[in-house]
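There are 2 protein chains.
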Amino acid sequence: MSKAVRKRRQPEEARLEIMQVAQRRLREIGIGGLNVADVAKDCGMSHATVIHHFGSTGGMRRALVDHMTDALLRDVIRRIEESPVPDPPAILQSLFATLSEGGHVKLIAWLSLSGDEFAADVHGSAQIESLFSQLVPVVAQRLPAGHEDRLLAARRIVFLTATAAMGYGLGGETWAQVMGLSADEAAAFPAWLGEQINRMWLPEGNS
Amino acid sequence: MSKAVRKRRQPEEARLEIMQVAQRRLREIGIGGLNVADVAKDCGMSHATVIHHFGSTGGMRRALVDHMTDALLRDVIRRIEESPVPDPPAILQSLFATLSEGGHVKLIAWLSLSGDEFAADVHGSAQIESLFSQLVPVVAQRLPAGHEDRLLAARRIVFLTATAAMGYGLGGETWAQVMGLSADEAAAFPAWLGEQINRMWLPEGNS
DNA sequence: AGCGCTATCTACATTTATGTCAATAAAAAA
DNA sequence: TTTTTTATTGACATAAATGTAGATAGCGCT
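Residue numbers (the numbering used here), protein chains in the order written: chain Y, 1 to 207; chain A, 1 to 207.
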């Protein structure tokens, strides 16, 4: 056995690479892919190095939750901010697209299946709360006077968008297949949902 | 150490008890709760017994996927069948409630995070496909002529109900909190969604 | 060039999880 | 009762994952 050539990184670099590899493995392999040995191998380093940087396997996983939470947050914020300012339909479509994207849904699913393992880790909620507290009024402004409580209605619309996006990202293909939607039709679902939400901007009544 | 008093069960009984305990552990502890040693301890038996009945840890987990898939299927079918026959809103509310319920969402999340581990295990899809192929027309019949393709619209409505339910069950509380919905308001979300879907039965147009 | 720091490595130790086996006991059958 | 069957068990064996420690080598600094 010849001695391995060492690739020495800056600590931040190494941590980042490990996080990226781990995230990819969570997406492609699942939770079973998150052991130090295999993550390290994928990074081309020894598992001792991973432990050096994160202290333990649990440390690595907690760091990954943080990393992915930050990424989710950043994506939501970025996609919302770069959309034309007062255009709720576009904003909601962005939100849907962002949340249903593979990696983010895996994070949510992982958290929901991890018991209390990462209980204290939903930090950043302050940031995202302030984001939504800005977003909700924008949506509310477009609602007609017919709604008795426009703020509540806006919250519900955003909430619907978020839940549908997560469900869509989680088991969308499977359920689409089961209930007879073609792949194309399933892919068109977000746009259709957008239209339906648009209809909520119309006055209520006329049964 | 006194010898343990053995409780001898019928094999079916033992398997069922193990499945129930494992299912509860998946709900309450997460994937980490699905090792033979701890499941066995919760059942009050030795881990060798669990292996005797399922062959291996993987065997136990595969059996659990089957067990929970069957339960999901049974619940969906039962709740739909016991609702007043041609009442789409009630049926969709039932579907939502069933799918968003804790245990079932955990199954879906687990499958989505398990890579190919249970690839060949979505059996029963024949049953559930036939179920939805009956359900969709019932929904479609209530749609107004305004819809160019009522069957497609019905599929989308059912699909929306299913995806929203899963997202709601998966991360509902968290997102509700983040976007400023009170617990009560979040709990009222399914009913609100039902109303919105009802509005889809109204004629389109009048922008 | 020489020095210090530390990221990285290999090799080992430890812990945890899984799987095996022969003995045993509970229940059914004879 | 005796026999047969097999669910159950404890003790052991093995495998897999995690963690530890000392040595080393890459890189910045002087």
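A virtual CB, placed ideally from N, CA and C, is assigned to each residue, including glycine. Please read all numbers here as calculations on a predicted model, not as lab measurements.
CB contact flag (residue i, residue j, <8 Å)
i	j	result
A:Arg155	A:Trp201	no
A:Arg24	A:Lys106	no
Y:Ala53	Y:Val36	Just to set this straight, residue 53 of chain Y is His in the shown sequence, not Ala. Their beta carbons are not under 8 Å apart, which means Y:His53 does not touch Y:Val36 by this criterion.
A:Gly30	Y:Glu117	yes
A:Phe159	Y:Phe189	yes
Y:Ala22	Y:Leu72	no
Y:Ser100	Y:Ile80	no
Y:Ile197	Y:Pro89	yes
A:Arg61	A:Leu34	yes
A:Thr111	Y:Leu113	What sits at residue 111 of chain A in the sequence shown is Leu, not Thr. For A:Leu111 and Y:Leu113, no; Cβs fall outside 8 Å.
Where the alpha helix (DSSP H) through residue i begins and ends
i	result
Y:Ala191	189 to 199
A:Lys41	36 to 43
A:Asp70	57 to 81
Y:Gly167	150 to 178
A:Ala109	102 to 112
A:Phe54	47 to 54
A:Gln20	11 to 28
Cβ-Cβ separation, residue j to residue i (assumed contact under 8 Å), whole Å
i	j	result
A:Ala165	Y:Ala109	Contact flag wrong, Cβ pair sits at about 15 Å.
A:Thr133	Y:Gly115	A small fix is needed here, since residue 133 of chain A is Ser in this sequence, not Thr. In fact, because the Cβ distance is near 38 Å, the residues do not count as touching under 8 Å.
Y:Gly162	A:Trp175	One detail in the question is off: residue 162 of chain Y reads as Ala in this sequence, not Gly. Indeed they touch by this definition, with Cβ atoms about 5 Å apart.
A:Leu151	A:Val136	7 Å
A:Leu131	A:Ile77	6 Å
A:Thr57	A:Asp75	Between A:Asp75 and A:Thr57 the Cβ distance is about 27 Å, and since that is not below 8 Å, they are no contact.
Y:Glu129	A:Val178	6 Å
beta-carbon residue i near the ligand HEM non-hydrogen atom, thresh 7 Å
i	result
Y:Ala63	Absence of the ligand HEM from the depicted structure is noted, as is the absence of any ligand whatsoever, leaving it without description.
*Determine which residues of the region 139 to 165 of chain Y have a Cβ less than 8 Å from any Cβ of chain A, and write them out in chain order.*
If the cut-off is 8 Å between Cβ atoms, the region 139 to 165 of chain Y has Leu152, Arg155, Arg156, Val158, Phe159, Leu160, Ala162, Thr163, Ala164, Ala165 near chain A.
*Are at least three pairs of beta-carbons, each pair with one atom in the region 159 to 178 of chain A and one in the region 92 to 108 of chain A, less than 8 Å apart?*
With three or more CB-CB distances shorter than 8 Å, the region 159 to 178 of chain A counts as touching the region 92 to 108 of chain A.
*Using a beta-carbon distance cut-off of less than 7 Å, what residues from the region 45 to 62 of chain Y approach chain A?*
Residues: none.
*Compile a chain-ordered list of the residues in the region 87 to 115 of chain A whose CB is closer than 8 Å to at least one CB of chain Y.*
Cβ contacts with chain Y come from Val105, Lys106, Ile108, Ala109, Trp110, Leu111, Ser112, Leu113, Ser114, Gly115.
*Pull out every residue of the region 184 to 204 of chain Y whose Cβ sits closer than 8 Å to any Cβ of chain A, in chain order.*
Using a CB distance below 8 Å, the part of the region 184 to 204 of chain Y facing chain A consists of Glu185, Ala186, Phe189, Trp192, Leu193, Gln196, Arg199, Met200, Leu202, Glu204, ordered along the chain.
*Anything in the region 165 to 178 of chain Y with a Cβ closer than 9 Å to a Cβ of chain A? List those residues in chain order, please.*
Among the residues of the region 165 to 178 of chain Y, those with a Cβ less than 9 Å away from any Cβ of chain A are Ala165, Met166, Gly167, Tyr168, Gly169, Leu170, Gly171, Gly172, Thr174, Trp175, Ala176, Gln177, Val178, in the order of the chain.
*Scan the region 68 to 81 of chain Y for residues whose Cβ lies nearer than 8 Å to a Cβ of chain A and list them as they occur along the chain.*
Flagged: no residues at all.
_Near-chain A residues of the region 9 to 35 of chain Y (beta-carbon distance less than 8 Å), N- to C-terminal order_ = Here the close residues are Leu26, Glu28, Ile29, Gly30, Ile31, Gly32, Gly33.
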